[in-house]
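Residue numbers (this note's numbering), protein chains in the order written: chain A, 1 to 159; chain B, 1001 to 1159. The beta-carbon is built from N, C-alpha and C at its ideal position, and this holds for glycine as well. The structure displayed is predicted, hence computed values, not measured ones.
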DNA sequence: TCTTATCTGATAGTTTTTTTCATTTAGTTT
DNA sequence: AAACTAAATGAAAAAAACTATCAGATAAGA
Ligand SMILES: [Zn+2]
Ligand SMILES: [Zn+2]
Ligand SMILES: [Zn+2]
Ligand SMILES: [Zn+2]
């Protein structure tokens, strides 16, 4: 934890940004909730518990900054809010997401399944890939029994 | 074109919805701009040219309806607006997108590259896939010469 | 034609995010 | 250490995108 905070501190100062108390509190919340896909509001409320004087604008600014530096990732699951998640250490690429159209739960695929596909895309489409987003929408293992016809769920809350 | 409008008319009436003049005008705009990834506002302005009396709320309602019926797809490219695109006829799945971090252009990959991966995911993660979204972020063929270090673009406007 | 349910436009309201700006904080220079 | 400077912050206003409300229009059915 301390190691990671320190690492971010260095990333910030490498770009002439300081790790202010507000930024540090925000970073700690993000690290502590690594698997959580928090919205800005979520982060704000969690940070407030530790640093009650922080303002929402600062949280937005910090999230934007950390995103610019690729310390965190912005995500969009189609529910009208941007979500943020801490980037796995040294991860070249982002992991993938499984979104259940029935219960809304978001599960993670931690392995990168796209490597062979990306090689093809880079060549065939002359496109230099820097990052990707891959989301599967469907029915999670917990909802399998409940949902009669998964195809009926097409169009449900998908962006 | 007429064939497709008619097809949609049938899809609507199969669910007890009418193809009103406003809906038809909207559908025609969507078909005419199949490759365009229009926002609701974009659609509104284009529809207004043909049917100036239409209201923005009706456009939103129509887009939501067409999305529920899977006639169109909702997309999110991370710029804060939902975008819509006509669904290819009989397409089981959605095509993929190449988003240039330099010029912002969005290109299409019309083939479905995910079929083998989905088989794996369905089995290994016990997840029944209904749909997916795959986006690659990077440098397009037109910007190749201009961009010195593509990696530097990480964090630029990606959701 | 009368009835009823659907649909629409205008407008007000919500929600999320961004901007503004006066103040605070933290380095730097003298 | 005092003065200067730039960066960062919080509160509040504003913007942007979308959603809900509601009275009136439209259209299908009895
Ligand atoms: Zn589920
Ligand atoms: Zn995740
Ligand atoms: Zn480009
Ligand atoms: Zn497309």
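Within 9 angstroms of the CB of residue 44 (chain A), no CB atom of chain B is found; the nearest one sits about 19 angstroms away. The continuous stretches of beta strand (DSSP E) do not include residue 1071 (chain B), and DSSP gives it neither H nor E. Under the 8 angstroms Cβ criterion, the segment 125-143 of chain A counts as touching the segment 1134-1148 of chain B, having at least three qualifying pairs. Relative to residue 1070 (chain B), the option among B:1027, B:1117 and B:1148 whose CA is nearest is B:1027.
For residue 1008 (chain B), the enclosing alpha helix (DSSP H) has its first and last residue at 1002-1014. Look at residue 1062 (chain B) here: in three-state DSSP terms it is helix. Between the alpha carbons of residue 87 (chain A) and residue 1054 (chain B) lies a distance of about 45 angstroms. Residue-level contact check: residue 1130 (chain B) touches chain A, since one or more beta carbons of chain A fall below 8 angstroms from its beta carbon. Between residue 146 (chain A) and chain B, the shortest Cβ-Cβ separation is not below 8 angstroms.
Of the other Cβ atoms in all chains shown, 16 or more fall within 10 Å of the Cβ of residue 1025 (chain B); this residue is therefore buried. Counting the other Cβ atoms within 10 Å of the Cβ of residue 1131 (chain B) gives 16 or more, which makes it buried. One Cα belongs to residue 58 (chain A), the other to residue 47 (chain A), and the distance between them is close to 11 angstroms. Residue 1139 (chain B) has its CB nearer than 7 angstroms to a heavy atom of ligand 3. Within chain B, no residue has its CB atom less than 8 angstroms from the CB of residue 27 (chain A), the nearest being about 16 angstroms off. Residue 1050 (chain B) does not reach chain A, its nearest Cβ partner there being about 26 angstroms away, counting only Cβ pairs nearer than 8 angstroms.
With contacts defined as CB atoms closer than 8 angstroms, residue 1043 (chain B) and residue 1102 (chain B) fail to qualify as a contacting pair. In this structure, residue 1028 (chain B) has its beta carbon at no less than 7 angstroms from each heavy atom of ligand 1.
The shortest C-alpha to C-alpha distance from residue 75 (chain A) to any of B:1149, B:1001, B:1134 and B:1013 is the one to B:1134. Membership of residue 1042 (chain B) in the alpha helix (DSSP H) is indicated by the continuous run 1040-1050.
The secondary-structure analysis by DSSP pairs residue 1137 (chain B) across a beta bridge with A:131 and B:1099.
In the structure shown, residue 1054 (chain B) adopts coil according to DSSP, grouped into three states. Annotation: residue 1010 (chain B) to residue 1031 (chain B) spans about 16 angstroms, alpha carbon to alpha carbon. Chain B places a beta carbon closer than 8 angstroms to that of residue 151 (chain A), counting this residue as a contact. Around the beta carbon of residue 1083 (chain B), 16 or more other beta carbons lie within 10 angstroms, which makes this residue buried. Residue range 1115-1124 is occupied by the alpha helix (DSSP H) that includes residue 1124 (chain B). Taking 8 angstroms as the cut-off, the Cβ atoms of residue 1129 (chain B) and residue 77 (chain A) do not count as close. Taking 7 angstroms as the cut-off, the C-beta of residue 1126 (chain B) does not count as close to any heavy atom of ligand 1. Around the beta carbon of residue 20 (chain A), fewer than 16 other beta carbons lie within 10 angstroms, which makes this residue exposed.
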